[in-house]
Amino acid sequence: MLAVLAGGTGSAKLVRGLVKTVTDNITIIVNVGDNIKLHGLHICPDIDTILYTLSDQLNSGQGWGIKNDTYNFLHQVSKYGSDDWFKLGDKDLALHLVRTNLLNAGWTLSEATNVIAKRMDIAQTVLPASNDHVETLIDTPQGEMHLQEFWVKLKGKPDVIGVKYVGSKKSQPAPNVVNTILEAEKVIICPANPVSSIGPMTHILGIKEALIRARDRVVAISPIICDNPVSGPADKFLRSIGVDVSPKGITELYSSFVSKMIIDENDKAMITDIEKIGVKVSVTDIMMRTEDDEQKLAKFVIGV
Ligand code: FO1
Numbered sequence: 427m428l429a430v431l432a433g434g435t436g437s438a439k440l441v442r443g444l445v446k447t448v449t450d451n452i453t454i455i456v457n458v459g460d461n462i463k464l465h466g467l468h469i470c471p472d473i474d475t476i477l478y479t480l481s482d483q484l485n486s487g488q489g490w491g492i493k494n495d496t497y498n499f500l501h502q503v504s505k506y507g508s509d510d511w512f513k514l515g516d517k518d519l520a521l522h523l524v525r526t527n528l529l530n531a532g533w534t535l536s537e538a539t540n541v542i543a544k545r546m547d548i549a550q551t552v553l554p555a556s557n558d559h560v561e562t563l564i565d566t567p568q569g570e571m572h573l574q575e576f577w578v579k580l581k582g583k584p585d586v587i588g589v590k591y592v593g594s595k596k597s598q599p600a601p602n603v604v605n606t607i608l609e610a611e612k613v614i615i616c617p618a619n620p621v622s623s624i625g626p627m628t629h630i631l632g633i634k635e636a637l638i639r640a641r642d643r644v645v646a647i648s649p650i651i652c653d654n655p656v657s658g659p660a661d662k663f664l665r666s667i668g669v670d671v672s673p674k675g676i677t678e679l680y681s682s683f684v685s686k687m688i689i690d691e692n693d694k695a696m697i698t699d700i701e702k703i704g705v706k707v708s709v710t711d712i713m714m715r716t717e718d719d720e721q722k723l724a725k726f727v728i729g730v
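Numbering-wise (my numbering), the sequence shown opens with residue 427 and increments by one.
What follows is the structure, encoded as structure tokens:
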């Protein structure tokens with residue numbers, strides 16, 4: 427069994443590559459720090475991106491939401507004065523509604539995710555990192571705000587002073603998260619935002635400890651090429667926590683629980699420097715532009 431630690435868009439590409447070329451025997455442990463309650467609905471963007479990818483419903487161009495969706499609900503609620511900055515499609519809404527009803531009926535997020543994945547005919551296992559409330563807050567000169575407010579509503583424009591994982595210290599890993607990490611042949615950390623996708627998971631008591639115990643089998647793919655994030659605001663977040671925006675900085679951040687790092691060809695001059703940290707480095711083209719790239723990277727990850 428392969429274990430994969432995933433955020434949203436970038437992670438979903440690698441997950442799709444792994445499923446298409448390597449194995450269906452994958453358990454994907456997904457970030458919950460992005461989750462947000464809007465219009466009374468529990469929305470789990472990273473879990474949903476993974477579910478839509480595995481059920482072939484993802485709007486791949488966008489990297490989130492359902493393909494060919496419409497936005498009638500959103501237009502209508504905005505007429506009545508509700509917020510419409512978070513683009514919830516009509517088809518996407520169905521998932522949030524079903525999940526919210528299950529949670530309101532007393533189901534845990536893992537149980538709700540599991541039943542929804544089955545109803546989508548997904549063969550792989552999708553586990554929320556935690557069933558408890560973990561929320562990523564971004565500290566800016568305008569004050570603290572939810573990650574989605576920073577990224578979607580304010581388009582990632584405010585300066586970032588710091589990042590907080592509210593609830594992480596009181597949270598437990600969801601059932602099967604720790605044993606999945608401990609029992610997997612390989613644990614893959616996707617090229618996801620290290621601060622807002624991987625960070626909320628490694629700050630949950632028990633997850634980092636399990637990764638440290640599994641370190642020899644843990645491999646990460648750098649989310650940074652040269653000094654640029656592959657996507658999203660990773661650079662602002664990393665600077666705010668004092669981490670260098672480079673594959674070397676990511677390796678330093680991950681080195682207690684990662685024994686192998688995959689970096690891009692453009693960064694091969696850094697190999698010796700990174701290996702001094704005590705992490706083995708492999709080099710390939712890590713940019714996933716096409717499904718072919720996703721599959722090539724997936725095969726490479728399995729081979730290191
Ligand atoms: N990202 C955006 O940039 N704009 C949106 O309006 C937006 C809506 C949205 C709705 C449902 C969903 O599951 C994801 C959505 N995302 C949107 C993606 C999301 O904000 C982030 O990219 C992830 O949370 C980061 O992994």
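Every residue, glycine too, gets a C-beta built ideally from N, C-alpha and C. As the structure is a prediction and not an experimental result, all values here were calculated from the model.
By the C-beta criterion, the region 445-459 is judged to be in contact with the region 552-565, since at least 3 inter-stretch pairs fall below 8 Å.
If you draw a straight line from the Cα of Ala600 to the Cα of Leu631, it is about 11 Å long. Under DSSP, Pro673 takes part in no beta bridge, so it has no partner. Going by C-alpha positions, His465 is about 18 Å away from Phe576. Residue Gln488 holds the alpha-carbon nearest to the alpha-carbon of Thr435 among Ala520, Gln488, Leu428, Leu608. At least one heavy atom of the ligand FO1 lies less than 7 Å from the C-beta of Phe512.
Closest in alpha carbon position to Lys544, among Gln502, Leu521, Leu563, Asp661, is Leu521. Lys694 sits away from Val705, with the two beta carbons spaced by 8 Å or more. Our two residues, Gly491 and Met571, have alpha carbons roughly 23 Å apart in a direct line.
DSSP lists Ile469 as the bridge partner or partners of Ile462.
Remark: C-beta atoms of Ile454 and Leu608 do not approach each other more closely than 8 Å.
Nearest in C-alpha terms to Ser597, of all of Val578, Ile587, Lys634, is Lys634.
Taking the C-beta atoms as reference points, Leu664 is found no nearer than 8 Å to Pro626.
A check of alpha carbon separations from Lys513 across Leu529, Val524, Thr496, Leu723 identifies Thr496 as the nearest. Gly668 is the residue among Val727, Trp511, Gly668, Val541 whose C-alpha sits nearest the C-alpha of Val589. With a contact defined as Cβ atoms closer than 8 Å, Arg641 and Phe683 qualify at about 5 Å. In the DSSP assignment, Lys634 falls within the alpha helix (DSSP H) that extends over 633-639.
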